[in-house]
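**Student:**
There are 2 protein chains.
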Amino acid sequence: MSEWRLRYEGFDPEDEGLREALCTLGNGYFATRGAGPEARAGEIHYPGTYLAGGYNRLESEIEGRVIENEDLVNLPNWLLLNFRHADGDWFNLSDVEILAYNQELDVRQGLLYRTVRCRDQKGRETKVATQRLVHMADPHFGAEKLTLTAVNWSGPVEFISGLEGRVENAGVERYRRLNGRHLEPLATEPVDQETVYLEVQTRQSKLHVSQAARTRFHEDGQLLGMLPKVVEEPGYIAQQFIMNVKEGREITVEKVMALYTSRDHAISECGLAARQAVARAGGFTNLVQSHILAWEQLWRRFEVEFYAKGGAPSGMKDEENGEYTTMVLHLYLFHILQTTSLHTLDLDVGVPARGWHGEAYRGHIFWDEIFVFPILNFRIHEISRSLLRYRYRRLSAARVNARKAGFLGALFPWQSGSDGREESQKIHLNPKSKRWIPDDTHLQYHVNSAIAYNIYQYFQVTDDLEFLAFFGAEMLLEVSRFWGSMAQYNSDLKRYEILGVVGPDEYHTRYPEADKPGLKNNAYTNLMAVWTLTCTLELLDLLPEDRSRELFENLDLGQAELERWHDISKKMFLPFHEDGIISQFQGYEELEEFDWDGYRQKYGDIQRLDRLLEAEDDTPNRYKVSKQADVLMLFYLFSPEQLEQLFVQLGYSFDEKTIFKNVSYYLDRTSNGSTLSRVVSSWVLARSDRSASWKLFTEALHSDITDIQGGTTKEGIHLGAMAGVADLMQRAYTGLETRGQVLYFNPALPEEMSKLLLHIRYRFHSLAVEITPQKLKIETLESPAGPIQISVKGKVFKLKMGETKEIDLS
Amino acid sequence: MSEWRLRYEGFDPEDEGLREALCTLGNGYFATRGAGPEARAGEIHYPGTYLAGGYNRLESEIEGRVIENEDLVNLPNWLLLNFRHADGDWFNLSDVEILAYNQELDVRQGLLYRTVRCRDQKGRETKVATQRLVHMADPHFGAEKLTLTAVNWSGPVEFISGLEGRVENAGVERYRRLNGRHLEPLATEPVDQETVYLEVQTRQSKLHVSQAARTRFHEDGQLLGMLPKVVEEPGYIAQQFIMNVKEGREITVEKVMALYTSRDHAISECGLAARQAVARAGGFTNLVQSHILAWEQLWRRFEVEFYAKGGAPSGMKDEENGEYTTMVLHLYLFHILQTTSLHTLDLDVGVPARGWHGEAYRGHIFWDEIFVFPILNFRIHEISRSLLRYRYRRLSAARVNARKAGFLGALFPWQSGSDGREESQKIHLNPKSKRWIPDDTHLQYHVNSAIAYNIYQYFQVTDDLEFLAFFGAEMLLEVSRFWGSMAQYNSDLKRYEILGVVGPDEYHTRYPEADKPGLKNNAYTNLMAVWTLTCTLELLDLLPEDRSRELFENLDLGQAELERWHDISKKMFLPFHEDGIISQFQGYEELEEFDWDGYRQKYGDIQRLDRLLEAEDDTPNRYKVSKQADVLMLFYLFSPEQLEQLFVQLGYSFDEKTIFKNVSYYLDRTSNGSTLSRVVSSWVLARSDRSASWKLFTEALHSDITDIQGGTTKEGIHLGAMAGVADLMQRAYTGLETRGQVLYFNPALPEEMSKLLLHIRYRFHSLAVEITPQKLKIETLESPAGPIQISVKGKVFKLKMGETKEIDLS
């Protein structure tokens, strides 16, 4: 095993979905699944910025128009590259005897390899090796090289290479009742003897998509002049080439594809751009070189190295250096880099919950970015800024959304569609009971505070006052205004309350006997609202005078409103159990305890307790159970110092020991039905119970690689969980924190870990950080930036460019 | 006269073209010309990012495809709003007797007013008043209010309101032989009784354009429920409404139009977006309010106030406060703000030479931005950065362009089309001789250095190291590489030379007897190349270590190449006359002196000497004449200190007095055939001959308002000249300069000027600067930025936020 290679040997069709999801190639501009050389395999996705229709309807009506869901569109398949014997069918793995199968994803270089040796029914042995990339330097290119070796035969072979636009979105089984056809054919054209051209448009959103593909054949390093036969149908074009293959000889086929859409900048028309690009493109080897260099540079910024025992799934050996764990971490960082890549800067895309790789959730944007930002902020904060601007562009839509909900300010939707409209489902299917049940998850207004939190974190790491003044502040003000209008003063309690919401734990959406959804005073929601209001009021002082004047004018903001925010930020109600545990929401304490052991015995895996209970005509609303961390999110997002400050501000007492009590209380009542939950659980234990934390870390680490939820990974990776795992390394175990003008470290490596190396960027300094149980070493690269302040275990010092410091931790 | 209103009284059809150009409304997203209420008047432009075809061909072939010029497209006319008596034709100014006519452009509020009182052939007197805006807060909206008063009649009137997509680009007479039809109809649809919808697409670039227009009628403040008749044709839709109008009553018609294109971010589909927007839009009054507020905020940043004598055209009174001059300056700033507006940030557009208002040069991007950046840099540098990123996105195209010219690195084109391809004409029409003559202006490679200069200036004002590292440095390196590959070592001279170029002066494109175009050692080009190389080498030291490593890898840049640049930057050849005057190019001294007096007597206006001479079978190439400042550009772009540094670096002696000798030498030989030339001339005289400078300033000030070139303004304003005039105020007369870490002032107000007030932004400080002949007062607004260093007349001091300083100048 290598730290950089995900390797599969032997072919099991059962595993194909998971394998394809993990081996997806992408570059933020498009993604490509499917490893096979078979014609019509493979998919290509474009980051969805298209309108989403209803989740559970075939079509939906919006403003009088019938709309299809086009938030994530499966684009024409460029991987159509295959061969057949003159007397046979197109090559297909299921028709041959597989003698050897090896598939490798090299995440350091962003290359996918597959080698198959097989024997057909006529005894012909063939070796087929492919190498594939989705280009990381020029986002418009994909390329594949196929090498065919006739092991024991000679004879005529026909190759086919083309572009298949008659594809569907069909990656998620339960969506197949929905319309998956999003492409209309516009044009096909043979450009020259090497090149074909296809243009389609999406049905509803009218995005034009152009592809040009160039195919070249080599034998013994010599370019072969081939005369293709062209097959054209609406939405489909391919070239077919016939040649005589001789025993023992290798034929290589290189296919280079250029993809442009009508949303691209700096083009005239996407068809012309695609044709020009492919005509000017170098050969496969050139493309590989520039692609690898781009990846090398990304890894220089993103690599997290560590040495630890354990982490591998049981039964798998993991050496002291944590090779397996490192490989998985690399794989997860690889997917983050493929999804939220530099190429998204101009594209107006957000952080999709399941990558652009998978079709689950149909490309909608949730709150998952709160788990992804910490990785990006500390490395390429230009991407963070671009993602925040994605939200900013949808601020008007969020205002409309708030108005619809009956409040002022802005309410970013729980599931955000292309134009920023709420796309949460109203009902969803329980595959267990086959029943459609009401879905009230859109009441997760806490996503609003998550966006505020992300803006603030971005600002802390970058000190980017310009972004804050120009874009960030307006969002913070509008989110604060939302909370200000939603919070109601309860004169009995003499405190403000927030009613009618759902917290991060989706098992609780209403009270057991209630006739309408929504909970009272979800602790997480209330405290995040307080934090948002406090933070917004503080940031106002940071803004340049002329800019705050503009904002006050534009938003018609007055002193009275600010005073109300101030008041709320000091008098928000927080629910507590009698023994001081923070109640997940008001009334949680009265719910029934759940029979965990009984259900575990009955069902085994009870991660999706909601489905099990619903199938029994019961509901998790009745019990003290959570799908995922809810109160615990507070300990994840805030350091004890910050929490104490907020509690004191609210006039509640705070004792650091409460944290452990709460953590243990809620961990005992969590089914971890969300992949994000283990990340949070591991995090909150990082200091109190390192070995439990490490155990949860390794479980979280397995989430996608072993498809821990049993079948969900093939519908798309879990980007938030992938990032969360990396962030556990980055922040939980290092105590990395940015507050005020200081970069804090407070390492607490798990006992299993002997060393951790990070590269981070902080306010224009590039830092290399090495942590062992004994010492922390920090080095800055040359940069014109001024000195920064670092704190290690509470001791603050200055660090200048080009300097190295070692601090004793023992 | 007001400082904020451009007013026309009385209607002269002859002046209509100029009037429309100056009264164009725009917001960076679209622009609208034509003041009239006549159906089918008015135009709407979209910032052109589309592919340009040949300048002088109907169509051109690019990569095997026939291409139309779609760099600037005239979009459907939303101003179709008119009326007629039941027995008559649609209202038209030429059919009635005009009793009173008043047109006013209020540039403070961005509102265009027109009032017409007229009598028709049947003696019916009618008053028609319109008020119009192109919205500055929400770029998608245009709105018009028409008030009709039946002065002395009653009777049925039919109104028409619609969207006309069967428009052409026909604004420039000499282009009318070219294809001006760029729109194909896609859809028309009556949405409801108030609203119609039109969708078209551009023919070649396939941009979808959607408009929805809502028309409402009011009488006595009451909304009237009207039943429209809908008229639809391909590319056209209108509603017609009939009502009885009573004598003395006012009918108001409010039309609100929403425009979206398929390139917009944060939408699903442009048609849906346009319909939603117009359905959600407030009434005309609401739109006016938010529009005015947006303008008020812009003026807070951009206003330049001054008090001066003179400046008005002869015969026009101008009081001590320079009301006329201030009005023109406001008008010019207004057009700058309407063209390079905040709404372009997401649009990928550059600085068009003639605004988006006019069709001359067909939307191509020249070097004019070098005159516009100083105004933007000091106010909203987010726009500057966006404009520089426009160039960055075309860096690949510039590389292709350099390769075509036979050089390394990047060569940005002289006339840049949508995808960054060279679009300079190969031949052009001399309207004087009616002959098509070869055009070699694409050899103005100096545009490359202008882009480098703009990047550096942006960095100086903003200290935006992130932009520099991420985008700017790569452009600088590639431009340097271009000069490095173009400069040849001449072993006789023991110096490097640049051969085969054209300088800014387009009168000189080749030697009189030469059979191919291009000049040797244009002084401006050579020195700018030296400056670029020097600046690039210096900036490399500023970059963070990890970023420069990436750049070196990506560009395959080595030490040898840097050493060559260094060598060139010390050994570039500069041509001089025997008496020490800098030769415009090698051999200029040998050209014939021109008979200025003779030609002035013969022709009167000799601004376009090239056309006069060509019509006589002669050529300006033979004479010491320039169309515009060439050598003088050096004194415009660099302070004497900077020039001295460059000369010394090259081993040439430099005496500040040389400047005056050169200025006077070349001013005597300049026809000022470019609107930019007077700006530069006024600038270079600002310190040596203040009254001559002031005279040239006032001439430059008149360039568009009086259409100084006789007919060119109606084809589009001269954005560079407009900005240049404002920049004379901003920098020439204040000595404002940014170098290193210091903001320099060195005021030299013309004697006519008693006071000058500026608002500028410098490294996150907002500064108010007031200059009189006696003192300079500088005030910073509250801001979290650290102190900045200011130098006034050579004395450096620190200024903290919220501080005010007064410095005695007398």
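Chains A and B supply the protein sequences, listed in that same order.
For the first sequence, our numbering assigns the number 473 to the initial residue and increments by one for each residue that follows.
For the second sequence, our numbering assigns the number 473 to the initial residue and increments by one for each residue that follows.
Heads up, the beta-carbon is just placed ideally off N, CA and C, and yes, glycines get one too.
1) For a test of the three-state rule: what should DSSP assign to residue 1066/B, helix, strand or coil?
2) Just to confirm before moving on: does the CB-CB distance between residue 877/B and residue 833/B stay below 9 angstroms?
3) Three or more beta-carbon pairs under 8 angstroms between the segment 962 to 976 of chain B and the segment 934 to 950 of chain B, yes or no?
4) Taking the beta carbon of residue 718/B as the centre, do at least 16 other beta carbons fall within 10 Å, making it buried, or is it exposed?
5) Using a Cβ-Cβ cutoff of 9 angstroms, what residues of the segment 679 to 706 of chain A are near chain B? List them in chain order.
6) For residue 1227/A, which option in 1247/A, 852/A, 752/A has the closest C-alpha, if you only look at C-alpha atoms?
7) For residue 772/B, which residues in chain A fall below 9 angstroms Cβ to Cβ?
8) Taking all protein chains shown into account, decide if residue 1154/A is buried (16 or more other Cβ within 10 angstroms of its Cβ) or exposed.
9) Which residues in chain A sit within 9 angstroms of residue 1026/B, going by Cβ to Cβ distance?
10) Does residue 877/A have its Cβ less than 9 angstroms from a Cβ in chain B?
11) What's the call for residue 1120/A, buried or exposed, on a 16-neighbour Cβ count within 10 Å?
12) Residues of chain B with CB closer than 7 angstroms to the CB of residue 820/A, please, in chain order.
13) Figure out for me which residue from 835/B, 703/B, 1159/B, 714/B has the closest Cα to the Cα of residue 643/B.
14) Looking only at DSSP bridge pairs, what is residue 590/B linked to?
15) Using 9 angstroms as the limit for Cβ to Cβ distance, is residue 533/A near chain B?
16) Which chain B residues sit within Cβ distance under 9 angstroms of residue 854/A?
17) Apart from the five residues on each side of it in sequence, which residues of its chain come closer than 6 angstroms, Cβ to Cβ, to residue 527/B?
18) Let me see if you follow: with CB-CB separation under 9 angstroms, is residue 1259/A close to chain B or not?
19) At 3 residues or longer, what runs of the beta strand (DSSP E) sit wholly inside the segment 1163 to 1215 of chain A?
20) Identify the contact partners of residue 865/B in chain A, using a Cβ-Cβ distance below 8 angstroms as the criterion.
21) One question on the structure: do residue 1107/B and residue 1144/B come within less than 9 angstroms of each other, judged by their Cβ atoms?
22) How many angstroms separate the CA atom of residue 736/B from the CA atom of residue 938/B?
23) Going by DSSP, which residues form a beta bridge with residue 1277/B?
24) What does the alpha-carbon distance come out to for the pair residue 1201/B and residue 1167/B?
25) Evaluate residue 1268/A with the Cβ neighbour count: other Cβ atoms within 10 Å of its Cβ, from every protein chain shown; 16 or more gives buried, anything less gives exposed.
26) For residue 535/B, I'd like the list of residues in its chain whose CB is within less than 6 angstroms of its CB, leaving aside the five on either flank, ordered along the chain.
27) Quick check: what's the CA-CA separation for residue 667/B versus residue 686/B?
28) Count the other CB atoms, across all protein chains shown, that sit within 10 Å of the CB of residue 707/B; report buried if there are 16 or more and exposed otherwise.
29) Would you report the Cα separation of residue 1031/B and residue 769/A, rounded to the nearest angstrom?
30) Could you check whether the segment 1136 to 1143 of chain B touches the segment 1005 to 1019 of chain B, counting it as contact only if at least three pairs of C-beta atoms, one from each stretch, sit closer than 8 angstroms?
31) Could you pull out every residue in the same chain whose Cβ sits closer than 8 angstroms to the Cβ of residue 1236/A, ignoring the five residues on either side in sequence?
32) Need the endpoints of the beta strand (DSSP E) that residue 778/A sits in, please.
33) DSSP state of residue 1141/A, grouped into three classes?
34) Measure from the alpha carbon of residue 580/B to the alpha carbon of each residue in 504/B, 565/B, 475/B, then state which is nearest.
35) Which one of 624/A, 613/A, 609/A, 607/A has the shortest CA to CA distance from residue 599/A?
36) Measuring straight from C-alpha to C-alpha, what distance separates residue 1277/B and residue 1271/B?
**Tutor:** The relevant details are as follows:
1) Residue 1066/B sits at position 594 when you count from the first residue of the second sequence. DSSP places residue 1066/B in coil when its eight states are reduced to three.
2) Along the second sequence, one-based indexing puts residue 877/B at 405. Along the second sequence, one-based indexing puts residue 833/B at 361. No, the Cβ-Cβ distance between residue 877/B and residue 833/B is not below 9 angstroms.
3) no
4) Position 246 of the second sequence holds residue 718/B. With fewer than 16 Cβ atoms within 10 Å of its Cβ, residue 718/B is classed as exposed.
5) 679, 680
6) Position 755 of the first sequence, counting from 1, holds the residue named residue 1227/A. Selected option, being the one with the closest Cα: 1247/A.
7) On the second sequence, residue 772/B is found 300 positions in, with the first residue counted as 1. Going along chain A in sequence order, the residues near residue 772/B (Cβ under 9 angstroms) are 1018, 1021, 1022.
8) Residue mapping note: residue 1154/A aligns to position 682 of the first sequence, counting from 1. So residue 1154/A counts as buried.
9) One-based indexing of the second sequence puts residue 1026/B at position 554. Those within 9 angstroms of residue 1026/B in chain A are 609, 762, 765, 766, 769.
10) In the first sequence, the residue the question calls residue 877/A occupies position 405. For residue 877/A, the nearest beta carbon of chain B is not closer than 9 angstroms to its own beta carbon.
11) In the first sequence, the residue the question calls residue 1120/A occupies position 648. Residue 1120/A is exposed by the Cβ-count criterion.
12) Position 348 of the first sequence, counting from 1, holds the residue named residue 820/A. Those within 7 angstroms of residue 820/A in chain B are 737, 738.
13) Within the second sequence, residue 643/B is the residue found at index 171, counting from 1. Answer by Cα proximity: 835/B.
14) In the second sequence, the residue the question calls residue 590/B occupies position 118. When beta bridges are read from the DSSP output, residue 590/B appears opposite 570/B, 598/B.
15) Translated into the one-based positions of the first sequence, residue 533/A becomes position 61. Because the pLDDT of residue 533/A is 35, which lies under 50, any placement of that residue in the model is unreliable, and the number read from its coordinates should be weighed accordingly. Chain B contact via Cβ: absent.
16) For the purposes of this step, residue 854/A is taken as the residue at position 382 of the first sequence. Correct list: 938, 942.
17) Here residue 527/B corresponds to residue number 55 of the second sequence, with the count starting at 1. Confidence at residue 527/B is low in this model, with a pLDDT of 27, below 50, so its placement is unreliable and the value that follows should be read with caution. The residues are 897.
18) As a first step, residue 1259/A is located in the first sequence; it is residue number 787 there, counting from the start. Taking a beta-carbon distance threshold of 9 angstroms, residue 1259/A does not count as an interface residue toward chain B.
19) 1209 to 1211
20) For this step, residue 865/B is matched to residue 393 along the second sequence. Going along chain A in sequence order, the residues near residue 865/B (Cβ under 8 angstroms) are 737, 738, 818.
21) For the purposes of this step, residue 1107/B is taken as residue 635 along the second sequence, with counting starting at 1. For the purposes of this step, residue 1144/B is taken as residue 672 along the second sequence, with counting starting at 1. No, the pair does not count as a contact, with Cβ atoms beyond the cut-off.
22) The count along the second sequence starts at 1 and reaches residue 736/B at position 264. The count along the second sequence starts at 1 and reaches residue 938/B at position 466. Their Cα atoms are separated by approximately 26 angstroms.
23) Walking along the second sequence from the start, residue 1277/B turns up at place 805. Looking at the DSSP assignment, residue 1277/B forms a beta bridge with 1250/B.
24) For this step, residue 1201/B is matched to residue 729 along the second sequence. For this step, residue 1167/B is matched to residue 695 along the second sequence. About 13 angstroms.
25) In the first sequence, the residue the question calls residue 1268/A occupies position 796. Counting Cβ neighbours within 10 Å, residue 1268/A comes out exposed, since fewer than 16 surround it.
26) Working through the second sequence from its first residue, we reach residue 535/B at position 63. Low confidence applies here, because residue 535/B scores a pLDDT of 36, under 50, leaving its location unreliable and the question unanswered by this model.
27) Against the second sequence, residue 667/B aligns to sequence position 195. Against the second sequence, residue 686/B aligns to sequence position 214. For residue 667/B and residue 686/B, the distance between alpha carbons rounds to 4 angstroms.
28) Locating residue 707/B in the second sequence gives position 235, counting from the first residue. Residue 707/B is buried by the Cβ-count criterion.
29) Stepping through the second sequence from its first residue, residue 1031/B is reached at position 559. Stepping through the first sequence from its first residue, residue 769/A is reached at position 297. Each residue's alpha carbon lies about 20 angstroms from the other.
30) no
31) The sequence position of residue 1236/A within the first sequence is 764, counting from 1. Excluding five sequence positions before and after residue 1236/A, the CB atoms of its chain that fall closer than 8 angstroms to its own CB belong to 1255, 1256, 1257, given in chain order.
32) The count along the first sequence starts at 1 and reaches residue 778/A at position 306. Looking at the DSSP string, the run of the beta strand (DSSP E) that includes residue 778/A is 776 to 780.
33) Here residue 1141/A refers to the residue found at position 669 of the first sequence. Three-state result, residue 1141/A: coil.
34) Locating residue 580/B in the second sequence gives position 108, where the first residue counts as 1. Of the candidates 504/B, 565/B, 475/B, the one whose C-alpha sits nearest the C-alpha of residue 580/B is 475/B.
35) Position 127 of the first sequence, counted from the start, is the residue given in the question as residue 599/A. Residue 624/A is the option with its Cα nearest to residue 599/A.
36) The sequence position of residue 1277/B within the second sequence is 805, counting from 1. The sequence position of residue 1271/B within the second sequence is 799, counting from 1. In this structure, the straight-line span from the alpha carbon of residue 1277/B to that of residue 1271/B is close to 8 angstroms.
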